[in-house]
Amino acid sequence: MKVIVEADGGARGNPGQAGFGAVVWSADHESVLAEGKAAIGTATNNVAEYRGLIAGLEAAAETGATDVEVRMDSKLVVEQMSGRWRVKHPDLAVLHRQAGELAGRFDRVDYTWIPRDENSYADRLANEAMDAGTEVVTNPAGWTGATGAPTRLLLLRHGQTALSVERRYSGRGNPELTPLGVQQADAAARYLGERGGIGAVIASPLQRAYDTAAAAAKALGLDVTVDDDLIETDFGGWEGLTFGEASERDPELHRRWLRDTSVPPPGGESFDAVATRVLRAQRRIVDQHAGQTVLVVSHVTPIKTLLRLALDAGPAILYRLHLDLASLSIAEFYPDGAASVRLVNQTAYL
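Heads up, the final residue of the sequence shown is numbered 350 in the UniProt record's numbering, and it's a clean run with no missing numbers.
Below, the structure written as structure tokens:
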């Protein structure tokens with residue numbers, strides 16, 4: 001299916017109060033399939049325009065489109081995304097990579113420059129967002145039938161630690177971030193700070209997650225709230241071991257653990273037990289931050305479990321889904337019980 005994406009962004013002051021708007025049209029430009037707008041705090045025109053493009057591509061993906069024509073009045077974005085102009089500014093390079101990653105999911109994406117008066121719909125949305133000064137998303141659930149404003153959870157995995165470098169089970173142990181892990185946390189923080197629209201930051205109590213959350217919270221001007229239910233799995237006697245070492249130590253138990261979520265490691269915690277407490281955390285967050293966007297900084301198993309809850313998926317997802325260090329995923333939970341996953345394992349900002 002082909003769709004048309006029109007997007008725009010602006011800033012009052014450049015940099016100044018910024019916002020973007022995006023609209024997805026049917027191929028004949030007769031019907032609006034989705035639209036959205038958001039204020040993003042202080043940013044430049046170019047950043048806001050890229051953010052509009054990204055929002056438009058995300059919305060197009062949700063319609064099931066395979067062929068996208070992007071129309072924008074930003075010569076810079078159109079030429080850079082078409083590969084004719086180099087991207088020199090580091091902040092734009094991050095957004096350019098993110099937009100390119102999204103575009104790669106379609107069979108075809110074309111970029112067309114249009115005069116500003118032909119981009120009036122997206123321009124209006126962007127100005128409304130700047131006037132409002134807060135994130136406003138319209139028609140987010142038009143393809144799911146969900147009702148009400150969703151609580152959007154931005155699920156950020158912590159940065160690198162020494163145990164993750166060595167690919168060892170790392171549960172309740174408390175290794176700190178490596179220098180690269182600190183860089184990863186800072187890169188995620190810059191991206192999230194530019195994104196804006198986040199109302200709260202909630203983290204696991206473990207140092208690697210808290211430090212990752214603290215970097216983002218600083219960029220957002222927020223405090224970190226700790227939720228003990230977001231802590232990583234207790235791997236018990238396998239803590240600090242590699243996969244091979246755990247398998248050699250407890251071959252039969254390790255095989256069962258890889259197949260059955262009710263089986264705990266020796267002296268540890270089963271994935272079913274993790275799911276019970278993560279569900280508590282999810283319900284608490286949605287209840288306390290209804291309709292907001294919340295950054296949740298945690299670990300592999302809790303994040304996979306939150307994605308599993310949003311997808312209403314079986315336990316196999318825990319064994320088949322890969323999440324990189326400092327990666328971002330997004331899940332939405334609606335007041336009527338519906339849910340959706342909008343993004344999994346984004347790392348373009350690293």
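Every residue, glycine too, gets a C-beta built ideally from N, C-alpha and C.
Under the DSSP definition of a beta bridge, which residues are partnered with L295? Locating residue 295 in the sequence shown gives position 295, counting from the first residue. Under DSSP, L295 forms a beta bridge with L154 and V201.
My output table needs one value for E35: the three-state DSSP class, helix, strand or coil. In the sequence shown, the residue the question calls residue 35 occupies position 35. DSSP places E35 in strand when its eight states are reduced to three.
Beta-bridge partners of T225, as assigned by DSSP: Position 225 of the sequence shown, counting from 1, holds the residue named residue 225. In DSSP, T225 forms a bridge with I202.
Buried/exposed call for K88, threshold 16 Cβ in 10 Å: The residue labelled residue 88 in the question sits at position 88 within the sequence shown. The residue is exposed, with fewer than 16 neighbouring Cβ atoms inside 10 Å.
Cβ pair G193, L325 closer than 8 Å: For the purposes of this step, residue 193 is taken as residue 193 along the sequence shown, with counting starting at 1. For the purposes of this step, residue 325 is taken as residue 325 along the sequence shown, with counting starting at 1. Not closer than 8 Å, so no.
Reducing DSSP to helix, strand and coil, say where V263 ends up. Within the sequence shown, residue 263 is the residue found at index 263, counting from 1. Of the three classes helix, strand and coil, the one that applies to V263 here is coil, per DSSP.
Does the structure place the region 209 to 217 close enough to the region 285 to 298 that three or more beta carbon pairs sit under 8 Å? A contact between stretches requires three or more CB pairs, one per stretch, nearer than 8 Å, and the region 285 to 298 meets this requirement with the region 209 to 217.
Starting from the Cα of A39, find the closest Cα among E118, G21, A185 and G181 and give me that residue. Position 39 of the sequence shown, counted from the start, is the residue given in the question as residue 39. Among E118, G21, A185 and G181, the Cα nearest to that of A39 belongs to G21.
State the DSSP-derived secondary structure class of L253, mapped to helix, strand or coil. The residue given as residue 253 occupies position 253 in the sequence shown. The answer is helix: DSSP assigns L253 an H, G or I state.
Give the range of the beta strand (DSSP E) segment to which S340 is assigned. Along the sequence shown, read from residue 1 onward, the residue named residue 340 stands at position 340. A339 to Q346 is the span of the beta strand (DSSP E), which, as asked, contains S340.
For Y111, does the count of other Cβ atoms within 10 angstroms reach 16, so buried, or fall short, so exposed? On the sequence shown, residue 111 is found 111 positions in, with the first residue counted as 1. The residue in question, Y111, is buried, as its Cβ has 16 or more Cβ neighbours within 10 Å.
Report the CB separation of W25 from D73 in whole angstroms; it is logged as a contact under 8 Å. If you number the sequence shown from 1, residue 25 lands on position 25. If you number the sequence shown from 1, residue 73 lands on position 73. The Cβ separation is near 16 Å, so there is no contact.
With distances taken from CA atoms, which of N14, G196 and I4 is nearest A219? In the sequence shown, the residue the question calls residue 219 occupies position 219. Distance from the Cα of A219 is smallest, within the candidate group N14, G196 and I4, for G196.
For E35, tell me which candidate among G41, T178, E6 and R51 has the shortest Cα-Cα distance. By one-based count along the sequence shown, residue 35 stands at place 35. Selected option, being the one with the closest Cα: E6.
So the alpha helix (DSSP H) V94 belongs to, where does it begin and stop? Position 94 of the sequence shown, counted from the start, is the residue given in the question as residue 94. First-last of the alpha helix (DSSP H) with V94: P90 to A103.
Have a look at V78, V224, R108 and F106 and flag the residue whose alpha-carbon is nearest the alpha-carbon of H96. The residue given as residue 96 occupies position 96 in the sequence shown. A check of alpha carbon separations from H96 across V78, V224, R108 and F106 identifies V78 as the nearest.
Just the Cα atoms here: how many angstroms apart are L343 and E332? The residue you call residue 343 lines up with position 343 of the sequence shown. The residue you call residue 332 lines up with position 332 of the sequence shown. Whole-angstrom Cα-Cα distance: 10 Å.
Looking at the unbroken alpha helix (DSSP H) that takes in D287, where does it start and where does it end? For the purposes of this step, residue 287 is identified with residue 287 of the sequence shown, where counting begins at 1. First-last of the alpha helix (DSSP H) with D287: F271 to Q288.
Would you say T151 and A290 are within 8 Å of each other, going by their C-beta atoms? Residue 151 sits at position 151 when you count from the first residue of the sequence shown. Residue 290 sits at position 290 when you count from the first residue of the sequence shown. A contact, by the Cβ cut-off of 8 Å.
Nearest-angstrom Cα separation, counted from A313 out to G240: As a position in the sequence shown, residue 240 is number 240, starting the count at 1. As a position in the sequence shown, residue 313 is number 313, starting the count at 1. Cα to Cα, G240 sits roughly 29 Å from A313.
Cβ-based neighbour list, A185, same chain, cut-off 6 Å, excluding 5 preceding and 5 following: For the purposes of this step, residue 185 is taken as residue 185 along the sequence shown, with counting starting at 1. Cβ within range, chain order: G159, T212 and A215.
The alpha helix (DSSP H) with E194 in it runs from where to where? Sequence index remark: in the sequence shown, residue 194 carries index 194 (1-based). First-last of the alpha helix (DSSP H) with E194: P179 to R195.
Start and end residues, alpha helix (DSSP H) containing V47: Position 47 of the sequence shown, counted from the first residue, corresponds to residue 47. Segment N45 to E62, the alpha helix (DSSP H) holding V47.
Is DSSP giving A22 helix, strand or coil here? What you label residue 22 is simply residue 22 of the sequence shown in a count that begins at 1. If DSSP states are grouped into helix, strand and coil, A22 belongs with the strands.
Determine, using beta carbons only, whether G314 comes closer than 8 Å to chain B. In summary, chain B is missing from the structure at hand, where a single protein chain is found.
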